[in-house]
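Asks:
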Amino acid sequence: ERKQTRLDGLEVYAVVSAVTAGTLVAVFDSYHPGDILDLIAMERWLELCLSILFTATGAFGIVCGLHCIFVFSLITMYGRTALGMERDDALEIFFSGTGLQRYHGFKTFVASLYSLGTCLLVVIAGKISSNPSI
């Protein structure tokens with residue numbers, strides 16, 4: 134029972150990360166900064182910086198979100214398989230062996246959330262600008 138609850142808790146990371154990555158892809162897809170060379174030629178440095186920040190942070194967040202989804206989905210899937218086969222001993226060995234992967238999965242989970250927050254701030258900044266290009 135306790136092991137099942139532990140797997141349920143890990144599954145939440147994959148679900149939330151899927152929502153985060155999906156939102157990042159949607160926001161990333163809706164972003165239209167214009168030509169970077171035009172921004173440089175018009176000396177619109179703030180918009181250029183926001184564009185670069187958005188693109189880098191969005192791409193990083195999507196990759197982090199996908200990593201988190203893969204890690205926690207696979208751990209949950211293999212863990213449930215071990216429980217279904219009544220291999221509690223193998224599950225304990227599996228959890229011991231995947232501690233580092235879960236740690237990195239959690240770190241990428243947090244990174245994707247911060248990336249989403251940063252991207253949304255850039256979009257908001259673009260909406261309140263007097264000359265929005267976002």
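Residue numbers (my numbering): 134 to 267. All C-beta atoms, glycine included, are put in the ideal place defined by N, C-alpha and C.
Given T156, which residues of its chain have a CB within under 7 Å of its CB, disregarding the five upstream and five downstream residues?
Replies: Within the sequence shown, the letter at position 23 stands for residue 156. The residues are L249.
Asks: Quick one: Cα of A147 to Cα of M175, how far?
Replies: Residue 147 sits at position 14 when you count from the first residue of the sequence shown. Residue 175 sits at position 42 when you count from the first residue of the sequence shown. Using only the alpha carbons, I get a separation of about 43 Å.
Asks: Judging by CA-CA distance, which residue of H200, E225, Y211 and F193 is the nearest neighbour of Y247?
Replies: For the purposes of this step, residue 247 is taken as residue 114 along the sequence shown, with counting starting at 1. Of H200, E225, Y211 and F193, the residue nearest in Cα terms is F193.
Asks: Kindly provide the ranges of any beta strand (DSSP E) runs that are 3 or more residues long and lie completely inside the region 156 to 180, ordered along the chain.
Replies: Counting whole runs of 3 or more residues, the region 156 to 180 contains no beta strand (DSSP E) stretch at all.
Asks: Just to confirm before moving on: does the CB-CB distance between V196 and G238 stay below 7 Å?
Replies: Residue numbering aside, residue 196 sits at position 63 when the sequence shown is read from its first letter. Residue numbering aside, residue 238 sits at position 105 when the sequence shown is read from its first letter. No, the Cβ-Cβ distance between V196 and G238 is not below 7 Å.
Asks: Are the beta-carbon atoms of L143 and I226 separated by less than 7 Å?
Replies: By 1-based counting over the sequence shown, the position of residue 143 is 10. By 1-based counting over the sequence shown, the position of residue 226 is 93. No, Cβ-Cβ distance for L143 and I226 is not below 7 Å.
Asks: Less than 7 Å between the beta carbons of T153 and S245, yes or no?
Replies: Here residue 153 is taken as the residue at index 20 of the sequence shown, counted from 1. Here residue 245 is taken as the residue at index 112 of the sequence shown, counted from 1. For T153 and S245, yes; Cβs fall inside 7 Å.
Asks: Rounded to the nearest angstrom, what separates V243 and R177 at their Cα positions?
Replies: Here residue 243 is taken as the residue at index 110 of the sequence shown, counted from 1. Here residue 177 is taken as the residue at index 44 of the sequence shown, counted from 1. Their backbone Cα atoms lie some 32 Å apart in a straight line.
Asks: So L172 and S163 are supposed to be a Cβ contact under 8 Å. How far apart are they, rounded?
Replies: What you label residue 172 is simply residue 39 of the sequence shown in a count that begins at 1. What you label residue 163 is simply residue 30 of the sequence shown in a count that begins at 1. So it is not a contact: roughly 18 Å between Cβ atoms.
Asks: Got a sec, what are the start and stop residues for the alpha helix (DSSP H) T251 sits in?
Replies: Here residue 251 refers to the residue found at position 118 of the sequence shown. Element bounds for T251: G232 to I261.
Asks: Quick check: the Cα distance between V255 and G191, rounded to an integer number of angstroms?
Replies: For the purposes of this step, residue 255 is taken as the residue at position 122 of the sequence shown. For the purposes of this step, residue 191 is taken as the residue at position 58 of the sequence shown. The alpha-carbon atoms of V255 and G191 are separated by roughly 10 Å.
Asks: Quick one, which of V149, T188, T214 and M218 has its alpha-carbon nearest H165's?
Replies: The residue you call residue 165 lines up with position 32 of the sequence shown. The option with the nearest alpha carbon to H165 is T188.
Asks: Contact defined as beta carbons within less than 8 Å: I believe L224 pairs with L233. What is the distance between those atoms, to the nearest angstrom?
Replies: Locating residue 224 in the sequence shown gives position 91, counting from the first residue. Locating residue 233 in the sequence shown gives position 100, counting from the first residue. Incorrect: roughly 17 Å between the Cβ atoms, too far for contact.
Asks: According to DSSP, simplified to helix, strand and coil, what is M218?
Replies: The count along the sequence shown starts at 1 and reaches residue 218 at position 85. Coil.
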